[in-house]
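> There's a structure below that I have some questions on.
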Amino acid sequence: MRLAILFSGGKDSCLALERTRKLEEVVCLVNIKSANTESYMFHTPNAHLVNLQSEALGIPLFVKATEGEKEKELDDLKSALQWVKDTYDVEGVVTGAIASTYQSIRIQKVCNTLSLWCFNPLWQMDQFDVVKEVIESGYEVFVSGVFAYPMEEKWLGRTLTEEMLKELCDLHKNYGISPSGEGGEFETTVLDGPIFKRGIKVLKIDKKFKNNAGVANIVKTGWKI
Numbered sequence: 002m003r004l005a006i007l008f009s010g011g012k013d014s015c016l017a018l019e020r021t022r023k024l025e026e027v028v029c030l031v032n033i034k035s036a037n038t039e040s041y042m043f044h045t046p047n048a049h050l051v052n053l054q055s056e057a058l059g060i061p062l063f064v065k066a067t068e069g070e071k072e073k074e075l076d077d078l079k080s081a082l083q084w085v086k087d088t089y090d091v092e093g094v095v096t097g098a099i100a101s102t103y104q105s106i107r108i109q110k111v112c113n114t115l116s117l118w119c120f121n122p123l124w125q126m127d128q129f130d131v132v133k134e135v136i137e138s139g140y141e142v143f144v145s146g147v148f149a150y151p152m153e154e155k156w157l158g159r160t161l162t163e164e165m166l167k168e169l170c171d172l173h174k175n176y177g178i179s180p181s182g183e184g185g186e187f188e189t190t191v192l193d194g195p196i197f198k199r200g201i202k203v204l205k206i207d208k209k210f211k212n213n214a215g216v217a218n219i220v221k222t223g224w225k226i
């Protein structure tokens with residue numbers, strides 16, 4: 002089956018991509034570039050890197066801009082999926098959703114209107130297991146945003162490790178933080194991993210943090226040698 006990946010550039014969409022391509026043909030990536038940094042549907046921190054990630058993965062990318070207005074952004078998603086269906090003969094769409102019914106129901110609805118299958122290979126997985134698999138598989142995951150107390154500025158720009166997973170476990174126990182960031186507590190950007198043909202090197206970042214929320218914008222990159 003010819004499939005498109007809804008691709009944010011974060012750890013979940015990369016893991017969903019890896020699992021999917023073992024079984025089916027992934028023909029393209031689809032990224033919805035939202036102007037709304039508070040969008041519940043689409044990832045925004047370091048979204049500008051998806052073009053580099055597409056090149057590193059060797060998979061074509063289609064980017065669709067949206068203002069990010071609630072529900073109206075689904076029209077832009079529909080337009081993007083219609084385009085890749087027509088262009089790449091896509092038969093289905095894959096997401097990295099784990100537990101968000103808000104996202105999954107809306108994406109499923111759009112797919113239904115376009116007669117596309119919708120697959121969520123990480124759906125209802127234990128969130129600790131998702132993060133553990135990402136780490137053990139060798140992905141280099143950059144923390145690009147934090148949006149929940151008590152996560153502090155020191156989290157920004159960190160690389161996801163086993164030690165960090167232990168910290169997330171403690172935050173989950175004490176504050177209810179989702180260990181995978183599924184509730185929007187934090188966002189990630191993948192720089193390298195088993196499905197990458199070449200890795201991305203971070204050369205410069207710009208951190209901004211205020212009122213228990215912040216982002217680490219990657220402003221300069223290079224290729225790993």
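Numbering-wise (our numbering), the sequence shown opens with residue 2 and increments by one.
Ideal placement from N, C-alpha and C gives every residue a C-beta, glycine not left out.
Quick one: what's threonine 160 bridged to in DSSP?
DSSP output for threonine 160 lists Phe143 as bridge partner(s).
> Only counting the same chain, and skipping five residues up and downstream in sequence, which positions put a Cβ closer than 6 angstroms to that of asparagine 37?
Hits under 6 angstroms: Gly69.
> Return yes when the Cβ of phenylalanine 120 is within less than 8 angstroms of the Cβ of methionine 93, no when it is not.
Reading off the sequence shown, one finds glycine at residue 93, where the question assumed methionine. Cβ distance < 8 angstroms, so glycine 93 and phenylalanine 120 count as in contact.
> So who's on the other strand from isoleucine 226, going by DSSP bridges?
None; isoleucine 226 has no bridge partner.
> Would glutamate 186 and serine 101 be called neighbours here (beta carbons separated by less than 8 angstroms)?
Not closer than 8 angstroms, so no.
> Check the C-beta distance from lysine 202 over to threonine 189 and give it rounded, since I have them as a contact under 8 angstroms.
Contact doesn't hold; Cβ gap of about 17 angstroms is too wide.
> For the region 107–142, which segments carrying the alpha helix (DSSP H) assignment without a break, of at least 4 residues, lie completely within its bounds, in sequence order?
Complete alpha helix (DSSP H) runs here, min 4: 128–137.
> Compute the Euclidean distance between the alpha carbons of leucine 117 and glutamine 109, then round it to the nearest angstrom.
So the two alpha carbons sit approximately 9 angstroms from each other.
> From what residue to what residue does the beta strand (DSSP E) around threonine 88 run?
Threonine 88 -> not in any beta strand (DSSP E); alpha helix (DSSP H) instead, spanning 73–89.
> Does threonine 45 pass the burial test, meaning 16 or more other C-beta atoms within 10 Å, or should it be called exposed?
When all chains shown are included, threonine 45 counts as buried.
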